[in-house]
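**Student:**
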Amino acid sequence: MSYIEAHNLTVDFPLFENSHRSLKNVVMNATTGGRLARGVDRKPTVRALDHLSFSIRSGERVGLVGHNGSGKTTLLRVLAGIYEPVAGTLAVEGKVASLLDISLGMDPDASGYENIYLRGIVLGLSSREIASRTDEIAAFTGLGEFLDMPVRTYSSGMQLRLAFAVSASVEADILILDEWLSVGDEEFGRKSSERLNQLIESSKILVLASHSLELIQKVCTRVIRLEHGCIVSDEHV
Amino acid sequence: MNTRTDAVMSGLETRTSAKATAFQKTMTDIRTGLLNYPLWNALAWQDIKQRYRRSTLGPLWMTISTAIMVGALGFVYSSIFGQVLSEYIPYVGIGLVIWSFISSMLSEACTVFVSAEGMIRQARLPFTIYVARVIWRNFIVLFHNAIIIVLVLAAFGKGFGLSIIGLPIALVLYFITSLALGVLLGIYCCRFRDIAQLIVNVVQVMFFITPIMWQASLLKSQRWVADYNPFHHYIEIVRDPLLGAAFPWESFGVVLLTTVLLSGLALDALTRFRHRIAYWV
Numbered sequence: 059m060s061y062i063e064a065h066n067l068t069v070d071f072p073l074f075e076n077s078h079r080s081l082k083n084v085v086m087n088a089t090t091g092g093r094l095a096r097g098v099d100r101k102p103t104v105r106a107l108d109h110l111s112f113s114i115r116s117g118e119r120v121g122l123v124g125h126n127g128s129g130k131t132t133l134l135r136v137l138a139g140i141y142e143p144v145a146g147t148l149a150v151e152g153k154v155a156s157l158l159d160i161s162l163g164m165d166p167d168a169s170g171y172e173n174i175y176l177r178g179i180v181l182g183l184s185s186r187e188i189a190s191r192t193d194e195i196a197a198f199t200g201l202g203e204f205l206d207m208p209v210r211t212y213s214s215g216m217q218l219r220l221a222f223a224v225s226a227s228v229e230a231d232i233l234i235l236d237e238w239l240s241v242g243d244e245e246f247g248r249k250s251s252e253r254l255n256q257l258i259e260s261s262k263i264l265v266l267a268s269h270s271l272e273l274i275q276k277v278c279t280r281v282i283r284l285e286h287g288c289i290v291s292d293e294h295v
Numbered sequence: 005m006n007t008r009t010d011a012v013m014s015g016l017e018t019r020t021s022a023k024a025t026a027f028q029k030t031m032t033d034i035r036t037g038l039l040n041y042p043l044w045n046a047l048a049w050q051d052i053k054q055r056y057r058r059s060t061l062g063p064l065w066m067t068i069s070t071a072i073m074v075g076a077l078g079f080v081y082s083s084i085f086g087q088v089l090s091e092y093i094p095y096v097g098i099g100l101v102i103w104s105f106i107s108s109m110l111s112e113a114c115t116v117f118v119s120a121e122g123m124i125r126q127a128r129l130p131f132t133i134y135v136a137r138v139i140w141r142n143f144i145v146l147f148h149n150a151i152i153i154v155l156v157l158a159a160f161g162k163g164f165g166l167s168i169i170g171l172p173i174a175l176v177l178y179f180i181t182s183l184a185l186g187v188l189l190g191i192y193c194c195r196f197r198d199i200a201q202l203i204v205n206v207v208q209v210m211f212f213i214t215p216i217m218w219q220a221s222l223l224k225s226q227r228w229v230a231d232y233n234p235f236h237h238y239i240e241i242v243r244d245p246l247l248g249a250a251f252p253w254e255s256f257g258v259v260l261l262t263t264v265l266l267s268g269l270a271l272d273a274l275t276r277f278r279h280r281i282a283y284w285v
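Line by line, the protein sequences give chains A and B.
The first sequence lines up with residues 59 to 295 when you count with our numbering.
The second sequence lines up with residues 5 to 285 when you count with our numbering.
1. Looking only at DSSP bridge pairs, what is GLU172/A linked to?
2. Which residues in the same chain have their Cβ closer than 6 Å to the Cβ of HIS109/A, if we skip the five residues on either side of it in sequence?
3. Got a sec: is the Cβ-Cβ distance from LEU264/A to anything in chain B below 8 Å?
4. What separation, rounded to the nearest whole angstrom, lies between the Cα atoms of LEU235/A and LEU271/A?
5. Do we get a CB-CB distance below 8 Å when we pair TYR171/A with the residues of chain E?
6. Counting only beta-carbon separations shorter than 8 Å, does GLN28/B have a partner in chain A?
7. How about GLN50/B: is its C-beta nearer than 8 Å to some C-beta of chain A?
8. Give the residues of chain B in contact with ILE179/A, contact being defined as C-beta atoms less than 8 Å apart.
9. Cα-Cα, which of GLU187/A, ASP167/A, GLY127/A, GLY182/A is closest to PRO208/A?
10. So, with DSSP's three-state summary, where would you put ALA127/B?
11. In whole angstroms, give me the CA-to-CA distance for GLU252/A and GLY139/A.
12. Can you round the beta-carbon distance between SER60/A and LYS262/A to whole angstroms, since I take them to be within the 8 Å contact cut?
13. Can you list the beta strand (DSSP E) stretches of 3 or more residues lying completely in the region 121-182 of chain A, in chain order?
14. How about the region 228-243 of chain B and the region 100-109 of chain B: do they share at least three Cβ pairs that are nearer than 8 Å?
15. Quick check: GLY163/A and ARG177/A, are their CB atoms within less than 8 Å of each other?
16. Whole-angstrom Cβ separation of THR60/B and PRO130/B, contact assumed at under 8 Å?
17. Which residue from SER213/A, GLU244/A, TYR175/A puts its Cα closest to that of SER225/A?
18. Name, please, each residue of chain B whose Cβ falls closer than 8 Å to the Cβ of PRO72/A.
19. Across the region 182-200 of chain B and the region 112-131 of chain B, are there enough close Cβ pairs to call them in contact, namely three or more that are closer than 8 Å?
20. Below 7 Å CB to CB, which residues in the same chain sit around THR279/A once its five sequence neighbours on both sides are set aside?
21. Measure the CB-CB distance between VAL74/B and GLY97/B and report whether it falls below 8 Å.
22. ASP70/A and VAL9/A - do their beta-carbons sit closer together than 8 Å?
23. Quick one: does ALA120/B have its CB under 8 Å from some CB of chain A?
24. Flag this pair as yes or no: are the beta carbons of LYS265/A and LEU134/A separated by less than 8 Å?
25. What are the residues that DSSP puts in a beta bridge with CYS288/A?
26. With burial defined as no fewer than 16 other Cβ atoms inside 10 Å of the residue's Cβ, what is the status of LEU265/B: buried or exposed?
27. When burial is assigned at 16 or more other CB atoms within 10 Å of the CB, is SER80/A buried or exposed?
28. Taking the alpha carbon of GLN28/B as the reference point, which residue from ILE281/B, VAL285/B, ALA282/B, LEU271/B has its own alpha carbon closest?
29. Using a Cβ-Cβ cutoff of less than 6 Å, which residues in the same chain neighbour ALA145/A once the five nearest sequence positions on both sides are dropped?
30. Against chain B, with Cβ distances strictly below 8 Å, would GLY139/A count as a contact?
31. What is the rounded straight-line gap between the Cα of LEU171/B and the Cα of TYR95/B?
32. Quick one: which chain A residues come within Cβ less than 9 Å of ARG57/B?
33. Got a sec: is the Cβ-Cβ distance from GLN201/B to anything in chain A below 8 Å?
34. Is it buried or exposed, ASP165/A, if we count other Cβ atoms within 10 angstroms and call 16 or more buried?
35. Only counting the same chain, and skipping five residues up and downstream in sequence, which positions put a Cβ closer than 7 Å to that of ILE153/B?
Dropping the structure here:
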């Protein structure tokens, strides 16, 4: 069984800059962003996630909503295992795939095919898996001969197609998605949302951060709203 | 600090158990990192390709520039030090090739994690991957530069003795030292950005006070300058076997001791700070 179990999960970011005083003013006066606190060792820190407790069971599709800087991406990264919580506990059971960033493992000077390999291997596919899926991935991008050209020459939409096509070939129990996946032109948008739906259906747990209420309502069974690193509402829909 | 994470590596099948201690997680990181050969190999080659993209000779430029350096220095300094060219060229050639590995390995060890910031923040991969990538990149450069050693020895070499068995052992020790240094400097330079500057300075000074362009015997009564210099011993364990000299027992001893010491410090640093690297980069 796959599950995510968080108890008093807390994340503080250390501030190493000397200018933390001015940064402090900026952060304190802003409506967005985490709360500024002092860490135990008296070094200034930004509290990005503040004692979050929740559990996500198999079959749940969770949407994370909130302002910019409310902690959505940080929470996704904690769930993906990138940041270890500073305090509290987090238990994750199941194979996690996180699609957080479009540029991961992409080399602008390498060709489309080289990038399929690089991104695939960074996402955790084996060389053999990539080899057996390259044709499928190439077909899905619809980029044709452009795949032999350096990615530098691609438009941002074309780069997105390539990045998405590789990402979408990763299988996992727990899928962690940031909102970049919901963009692209109309034709590819349809194709990718179809693929995304397949991906979501084959995974047991989905955690998705997005500003698009439409997307959240369409996909999610539960909506968690974050504000200043705290959960302000947690509703099943 | 009360942290317990059932870390599941994104995409990778590896999973640390719920009760894994920080030390066990460190060992898992090192093991899974080193075993993921396709990843660090791809990343290292990507770095090399990026550096030499669209140049016809590519990484051979490194070989050429080192060769020019060896030729020029060999010609000038053999007369300054009053040495026979056919003996001085192999000595300085091997020394310079190894030194360029050591110095670039040292300075790049400082940016192992800092320069991988993007990946560290986007994907959960063993941190050892980033270290192995930098080591492998430097070994690829070393193998390109080794062409010079082959050529120089073909022209002036006196053949190998039994001490040549020291060469593979030396390379293994180089690898372990690089791994330890990559972890150690990678972590501390991440947290304290000034250390990298310090290392650059140390490397510059060491080039002149280490017997590379000149022989340790020239020191006469000041022999301790070389004897207490670990860099000297690291160079000796490769240079002596290649020059057909006797097996450098003493140097191997010093290198082995340094390797063990650095490995211990690296294990300690990784165990204590592995979970902080993502916050520091």
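Think of the CB as a built atom: it goes at the ideal place given N, C-alpha and C, for glycine as much as any other residue.
Values in this document were obtained by computation on a predicted structure and should not be read as measured data.
**Tutor:** Reading it off the structure:
1. Residue numbering aside, residue 172/A sits at position 114 when the first sequence is read from its first letter. Looking at the DSSP assignment, GLU172/A forms no beta bridge with any residue, so it has no partner.
2. As a first step, residue 109/A must be located in the first sequence, where it is residue number 51. Closer than 6 Å at Cβ, skipping near neighbours: ASN66, THR68.
3. For the purposes of this step, residue 264/A is taken as residue 206 along the first sequence, with counting starting at 1. No, because no Cβ of chain B sits closer than 8 Å to the Cβ of LEU264/A.
4. Numbered from its first residue, the first sequence carries residue 235/A at position 177. Numbered from its first residue, the first sequence carries residue 271/A at position 213. It is roughly 15 Å from the alpha-carbon of LEU235/A to the alpha-carbon of LEU271/A.
5. No chain E is present in this structure, whose protein chains are A and B.
6. Within the second sequence, numbered from 1, the residue matching residue 28/B stands at position 24. With 8 Å as the cut-off, GLN28/B does not count as an interface residue toward chain A.
7. For the purposes of this step, residue 50/B is identified with residue 46 of the second sequence, where counting begins at 1. Yes, because at least one Cβ of chain A sits closer than 8 Å to the Cβ of GLN50/B.
8. Indexing the first sequence from 1 puts residue 179/A at position 121. Neighbours of ILE179/A on chain B, chain order: PRO42, LEU43, ALA46.
9. In the first sequence, residue 208/A corresponds to position 150, counting from 1. Here the closest residue by C-alpha is ASP167/A.
10. By 1-based counting over the second sequence, the position of residue 127/B is 123. ALA127/B falls in the coil class under three-state DSSP.
11. On the first sequence, position 194 is the one that residue 252/A refers to. On the first sequence, position 81 is the one that residue 139/A refers to. Distance between the alpha carbons of GLU252/A and GLY139/A is about 28 Å.
12. Residue numbering aside, residue 60/A sits at position 2 when the first sequence is read from its first letter. Residue numbering aside, residue 262/A sits at position 204 when the first sequence is read from its first letter. Confirmed, about 4 Å.
13. 145-151, 154-157
14. Yes, the region 228-243 of chain B touches the region 100-109 of chain B.
15. The sequence position of residue 163/A within the first sequence is 105, counting from 1. The sequence position of residue 177/A within the first sequence is 119, counting from 1. Yes; because the gap between Cβ atoms is below 8 Å, this pair is in contact.
16. In the second sequence, residue 60/B corresponds to position 56, counting from 1. In the second sequence, residue 130/B corresponds to position 126, counting from 1. So it is not a contact: roughly 36 Å between Cβ atoms.
17. Here residue 225/A refers to the residue found at position 167 when the first sequence is read from its first residue. Nearest option by C-alpha distance: TYR175/A.
18. The sequence position of residue 72/A within the first sequence is 14, counting from 1. What PRO72/A touches in chain B: TYR283, TRP284.
19. The region 182-200 of chain B is in contact with the region 112-131 of chain B.
20. Position 221 of the first sequence, counted from the first residue, corresponds to residue 279/A. Closer than 7 Å at Cβ, skipping near neighbours: GLU118, ARG119, HIS294, VAL295.
21. Residue 74/B sits at position 70 when you count from the first residue of the second sequence. Residue 97/B sits at position 93 when you count from the first residue of the second sequence. Yes, Cβ-Cβ distance for VAL74/B and GLY97/B is below 8 Å.
22. Here chain A covers residues 59 to 295 and nothing more, so residue 9/A does not appear.
23. As a first step, residue 120/B is located in the second sequence; it is residue number 116 there, counting from the start. No, because no Cβ of chain A sits closer than 8 Å to the Cβ of ALA120/B.
24. As a working note, residue 265/A is residue 207 in the first sequence. As a working note, residue 134/A is residue 76 in the first sequence. The sequence shown places Val at residue 265/A, not Lys. A Cβ-Cβ contact shorter than 8 Å links VAL265/A with LEU134/A.
25. For this step, residue 288/A is matched to residue 230 along the first sequence. Partner(s): GLU285/A.
26. Taking the first residue of the second sequence as 1, we reach residue 265/B at position 261. Answer is exposed; the Cβ neighbour count stays below 16.
27. Counting from one through the first sequence, the residue named residue 80/A turns up at place 22. The predicted model places SER80/A with a pLDDT of 48, which falls under 50 and marks its position as unreliable; any figure quoted below should be read in that light. Exposed is the call here.
28. Along the second sequence, read from residue 1 onward, the residue named residue 28/B stands at position 24. Residue LEU271/B is the option with its Cα nearest to GLN28/B.
29. Here the question's residue 145/A lines up with position 87 in the first sequence. Closer than 6 Å at the Cβ level, and outside the excluded window around ALA145/A, lie THR68.
30. Position 81 of the first sequence, counting from 1, holds the residue named residue 139/A. Yes, GLY139/A counts as interfacial toward chain B.
31. If you number the second sequence from 1, residue 171/B lands on position 167. If you number the second sequence from 1, residue 95/B lands on position 91. Pairing LEU171/B with TYR95/B, the inter-Cα distance amounts to about 16 Å.
32. Numbered from 1 along the second sequence, position 53 holds the residue referred to as residue 57/B. Ordered by position in chain A, the residues that pass the 9 Å Cβ test against ARG57/B are ASP167, ALA168, PRO208.
33. Within the second sequence, residue 201/B is the residue found at index 197, counting from 1. With 8 Å as the cut-off, GLN201/B does not count as an interface residue toward chain A.
34. In the first sequence, residue 165/A corresponds to position 107, counting from 1. ASP165/A is buried by the Cβ-count criterion.
35. As a position in the second sequence, residue 153/B is number 149, starting the count at 1. Contacts found: GLY97, ILE98, VAL101, LEU246.
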